[in-house]
Each structure stands twice: as structure tokens, then as C-alpha cells.
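**Student:**
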Amino acid sequence: MSSEGIPEISGIRTRVMVFVLHKLFAFTRGMTLGVRAACFDSEGRVFLVRHSYVPGWYMPGGGVERGETAGAALVKELREEGNLDIQGEPELFGIYQNRNASKRDHVVFYRVNVTQVAPRAPDREIAESGFFSLDALPQDVTGATLRRLKELSGAAPKAEHW
1 MSSEGIPEIS GIRTRVMVFV LHKLFAFTRG MTLGVRAACF DSEGRVFLVR HSYVPGWYMP
61 GGGVERGETA GAALVKELRE EGNLDIQGEP ELFGIYQNRN ASKRDHVVFY RVNVTQVAPR
121 APDREIAESG FFSLDALPQD VTGATLRRLK ELSGAAPKAE HW
């Protein structure tokens with residue numbers, strides 16, 4: 001390609017219109033956004049966490065804050081929940097509506113290769129965490145976690161809902 005294309009938002013008129021529309025959308029189409037990741041180590045094991053405040057084992061993740069990109073939120077959440085460093089480029093696997101949380105919640109789901117820089121000690125948020133072989137997952141893995149792992153392996157088609 002010989003051109004970089006045109007700017008998406010330029011000029012005062014466009015900037016004002018985008019500003020006004022985004023303020024309107026916050027009230028009429030507001031949504032929440034989170035990230036989660038299937039994190040695999042060099043042995044092919046998946047990293048899971050058990051929170052102190054909800055039952056079950058989950059893939060690590062959390063909310064995307066205002067002004068934060070999904071990629072930055074992913075790096076932050078993997079570091080906080082598992083002392084995990086991403087190796088290579090995260091693979092965006094899908095974007096899901098999480099109707100269980102609310103009609104306006106969405107999850108950006110990644111597949112990543114990771115290394116753990118130090119074991120994750122339990123605290124008030126994370127009761128337990130660890131790497132598990134796909135054929136030896138903990139008993140109380142959440143349904144959404146199992147569905148995503150089946151989708152990743154090709155054993156199930158991708159869904160639109162978390």
C-alpha cells in the first residue's frame with residue numbers, strides 16, 4: 001500500500017461531533033468491558049485462579065478501566081492475578097457478550113503464552129492459582145472456562161456469549 005490513509009478524526013467539527021456522540025452513547029449504549037485470557041506455559045498447561053469472593057476456577061482477567069486499552073488491561077491483570085509475563089504476541093480469540101454479568105458487559109478473550117516470574121501468594125482477592133494440565137483441571141472449573149477451552153481446542157464452535 002502506498003498510502004497511510006486519512007485520519008479517522010480530524011478537524012474541529014469532527015472532533016466536536018465525536019465528543020457529543022460519545023457522551024450520548026455513554027447514556028444510551030453504555031457497556032462495560034473486561035479482558036480474560038487462556039494462559040499457557042511451555043508445558044501446555046493452562047493457568048487458572050480461584051477468587052475469594054465467587055466460587056469456581058477461572059481464567060485470569062478483569063475490567064478495562066477508562067483510558068486503558070484492552071492490551072494494557074491484559075498485561076496488568078495477568079501480572080496482578082498470576083505474576084505472569086506474556087511471551088510473544090497475545091492472540092485475540094474473540095469478543096463475547098457476558099449476559100450473566102449484565103446485558104451490557106463484554107469480554108475480550110485472548111490466548112497467550114506466559115511465564116510465571118514468581119509463585120502467586122494467596123491474598124484477599126485470589127485464594128488459589130496454578131497451572132493445570134488440560135486433562136487434569138480442578139473439579140470446580142466454571143462452565144465459561146470449559147467452553148472457552150473447548151473453543152480454543154476446536155472441539156466446539158466459537159460462541160457469541162460468554
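Counting in UniProt numbering, the sequence shown runs from 1 upward without gaps. Note that CB positions come from ideal geometry on N, CA and C, so glycine has one too. Quantities reported herein were computed from a predicted structural model and do not represent experimental measurements.
Are there 16 or more other CB atoms within 10 angstroms of the CB of A136, so buried, or fewer, so exposed?
**Tutor:** Counting from 1 along the sequence shown, the entry for residue 136 is found at position 136. So A136 counts as exposed.
**Student:** Going by C-alpha to C-alpha distance, which of A37, G44, V20 and F19 sits closest to F131?
**Tutor:** In the sequence shown, counting from the first residue as 1, residue 131 sits at position 131. Nearest of A37, G44, V20 and F19 to F131, Cα basis: G44.
**Student:** Is the CB-CB distance between residue 222 and E91 below 9 Å?
**Tutor:** Outside the displayed range of the chain (1 to 162) lies residue 222, so it cannot be described from this structure.
**Student:** Using the Cβ count rule (16 or more neighbours within 10 Å means buried), how would you classify M31?
**Tutor:** Here residue 31 refers to the residue found at position 31 when the sequence shown is read from its first residue. By the neighbour-count rule (16 or more Cβ atoms within 10 Å), M31 is not buried but exposed.
**Student:** Determine the DSSP secondary structure at E80, reduced to helix, strand or coil.
**Tutor:** Counting from one through the sequence shown, the residue named residue 80 turns up at place 80. DSSP places E80 in helix when its eight states are reduced to three.
**Student:** Out of Y53, T145 and D41, which one is the CA nearest neighbour of V107?
**Tutor:** Position 107 of the sequence shown holds residue 107. Selected option, being the one with the closest Cα: T145.
**Student:** In the UniProt domain "Nudix hydrolase" (30 to 154), which residue ranges form an unbroken alpha helix (DSSP H) of at least 4 residues, counting only runs that do not cross its ends?
**Tutor:** List check, alpha helix (DSSP H) in window: 70 to 82 and 143 to 153.
**Student:** My assumption, with CB atoms under 8 Å, is that L152 sits in contact with A38. Please give the rounded CB distance.
**Tutor:** Start at 1 with the first residue of the sequence shown, and residue 152 comes out as number 152. Start at 1 with the first residue of the sequence shown, and residue 38 comes out as number 38. About 6 Å separates the two Cβ atoms, so the contact holds.
**Student:** Does E160 come within less than 9 Å of chain D when only Cβ atoms are used?
**Tutor:** Here there is only one protein chain, and chain D is not present.
**Student:** Only counting the same chain, and skipping five residues up and downstream in sequence, which positions put a Cβ closer than 7 Å to that of I122?
**Tutor:** Start at 1 with the first residue of the sequence shown, and residue 122 comes out as number 122. Correcting the residue identity first, residue 122 is Pro in this sequence and not Ile. Here the set comprises E128.
**Student:** Report the CB separation of V141 from G56 in whole angstroms; it is logged as a contact under 8 Å.
**Tutor:** Here residue 141 refers to the residue found at position 141 when the sequence shown is read from its first residue. Here residue 56 refers to the residue found at position 56 when the sequence shown is read from its first residue. Rounded, the Cβ-Cβ distance is 7 Å, consistent with contact.
**Student:** I need the straight-line Cα distance from R104 to I95, nearest angstrom please.
**Tutor:** On the sequence shown, residue 104 is found 104 positions in, with the first residue counted as 1. On the sequence shown, residue 95 is found 95 positions in, with the first residue counted as 1. Those two C-alpha atoms are separated by around 13 Å.
**Student:** Taking 9 Å as the threshold (C-beta atoms), are S52 and T115 in contact?
**Tutor:** In the sequence shown, residue 115 corresponds to position 115, counting from 1. In the sequence shown, residue 52 corresponds to position 52, counting from 1. Contact flag unset, no.
**Student:** So is P60 buried or exposed if we call it buried at 16+ other beta carbons inside 10 Å?
**Tutor:** Your numbering for residue 60 matches position 60 in the sequence shown. Per the 10 Å Cβ criterion, buried.
**Student:** How big is the Cα-Cα spacing for V117 and R13?
**Tutor:** Taking the sequence shown and counting its residues from 1, the one referred to as residue 117 is at position 117. Taking the sequence shown and counting its residues from 1, the one referred to as residue 13 is at position 13. Answer to the nearest angstrom: the Cα atoms are 49 Å apart.
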